[in-house]
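The structure appears right after this line, and notes come after that.
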Amino acid sequence: MIHFSGVTKIRQNRALLANLNLFLPRASYTWIKADADTAIALQRLTMAYDKPDSGTLTVDGVSITDIPATRIPFLRRRIGLVESHPVLFENRTVKQNIELPLQVAEFNTQAITDRIEETLDCSGLSAIADIQVQNLDESNRRLVACARATVHRPAIVLVHEAVRTDNSAQTAEEALLTTAHQHASSIIKFGEHQPLALPSTKSLSLTITQGQLDNYGTSAAAHTY
């Protein structure tokens, strides 16, 4: 699914990734402990906003190293993203924000209605579906971002650690991610605080320090739960 092979990425004279070899299988659930700069570098590489300085990277069968510009939008449609500070359409409602990926993917009207209803129910956002997101608190904004990232059941969901969130919102977020994972999405969470539990026999937990996997040098090994 995602294969880093000897990937190095340098930014401002710092090696964020240093000859990294890592394979994350399809439908896996991975927690990566890394500083914010490294997490963003991994995200940008995976979404083809950036390319490795050396080495090769393959995402969902697509080579990021030499991907044509015309294919990049199609790759990004297969990736959901939840940022630490969610970027939403402030003047649109919760429902309108969540349904955008379905519209881009050209789901039919009934499919959009069904998927939105399912997602609102799973996230606990049904009661505020028609409220503009500019009126939401940080926890609910985070939930909207997570719902939008998972509603179309993408191949990959990238999740940055929340700046702050309450327990009920965190539980709802995990429900959304678990549902996406059950539909074969690969979930990759970045942060400093490991989840209490990872929900799958395919779950992985690893730490990247100074551009390399801790305790394993540049090997692809990671703890498997």
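When you line the sequence shown up against this note's numbering, it's residues 1191 to 1415, in that order. A virtual CB, placed ideally from N, CA and C, is assigned to each residue, including glycine.
Can you tell me whether residue i is helix, strand or coil according to DSSP?
i: SER1409; result: Caution is warranted here: a pLDDT of 37 is assigned to SER1409, below 50, making its placement in the model unreliable, and no coordinate value can be reported.
i: ARG1354; result: coil
i: ILE1254; result: coil
i: LYS1223; result: strand
i: VAL1197; result: strand
i: GLN1402; result: strand
i: VAL1277; result: coil
i: ILE1346; result: strand
i: ILE1230; result: helix
i: VAL1341; result: coil
i: SER1316; result: helix
i: LEU1206; result: strand
i: ASN1287; result: helix
i: PHE1213; result: strand
i: ILE1192; result: strand
Keeping to the same chain, check which residues put their C-beta closer than 7 Å to that of residue i; ignore five residues upstream and five downstream.
i: ARG1331; result: PRO1276, LEU1278 and VAL1323
i: LEU1290; result: ARG1338
Less than 8 Å between the beta carbons of residue i and residue j, yes or no?
i: ALA1362; j: SER1313; result: yes
i: ARG1234; j: ASP1243; result: no
i: THR1198; j: GLY1245; result: yes
i: ALA1345; j: ARG1261; result: no
i: THR1228; j: LEU1348; result: no
i: VAL1334; j: LEU1315; result: yes
Just tell me which of the options has its CA closest to the CA of residue i.
i: ASP1311; options: GLU1328, ILE1398, VAL1197 and VAL1341; result: VAL1341
i: LEU1232; options: HIS1193, PRO1258 and VAL1334; result: HIS1193
i: PHE1264; options: GLU1307, VAL1252, VAL1272 and LEU1271; result: VAL1252
i: ALA1419; options: LEU1315, HIS1373 and ALA1359; result: Past the edges of the chain, shown from 1191 to 1415, lies residue 1419, and the structure says nothing about it.
i: ARG1266; options: ARG1204, ARG1343 and ILE1318; result: ARG1343
i: GLU1308; options: ALA1370, ILE1377, PHE1380 and ARG1204; result: ALA1370
i: LEU1367; options: GLY1381, CYS1336, GLU1382 and ASN1357; result: CYS1336
i: GLY1270; options: ASN1325, LEU1292, THR1299 and ALA1301; result: LEU1292
i: HIS1383; options: GLN1300, ALA1259, ILE1254 and ASP1225; result: ASP1225
i: ASN1281; options: ASP1404, ALA1259, LEU1326 and GLN1400; result: LEU1326
Pull up the CB-CB distance for residue i and residue j, whole angstroms please, since I reckon it's below 8 Å.
i: ASP1256; j: MET1191; result: At roughly 19 Å, the Cβ-Cβ gap does not stay under 8 Å, so ASP1256 and MET1191 are not in contact.
i: LYS1223; j: THR1397; result: 4 Å
i: SER1274; j: ALA1205; result: SER1274 to ALA1205, Cβ: 23 Å. No contact.
i: ALA1359; j: SER1395; result: The Cβ separation is near 23 Å, so there is no contact.
i: ILE1306; j: ILE1288; result: 6 Å
Ignore the nearest five residues each way along the sequence and tell me which others in residue i's own chain have a CB closer than 8 Å to its CB.
i: ASP1320; result: THR1283, VAL1284 and LYS1285
i: PHE1297; result: ARG1305 and HIS1342
Under 6 Å Cβ to Cβ from residue i, same chain only, skipping five residues before and after it: list those, please.
i: LYS1135; result: The question about residue 1135 has no answer here: the residues shown for the chain are numbered 1191 through 1415.
i: ARG1201; result: none
i: THR1248; result: HIS1193
i: ALA1365; result: CYS1312
i: GLY1165; result: Outside the displayed span of the chain (1191 to 1415) sits residue 1165, for which this structure offers no information.
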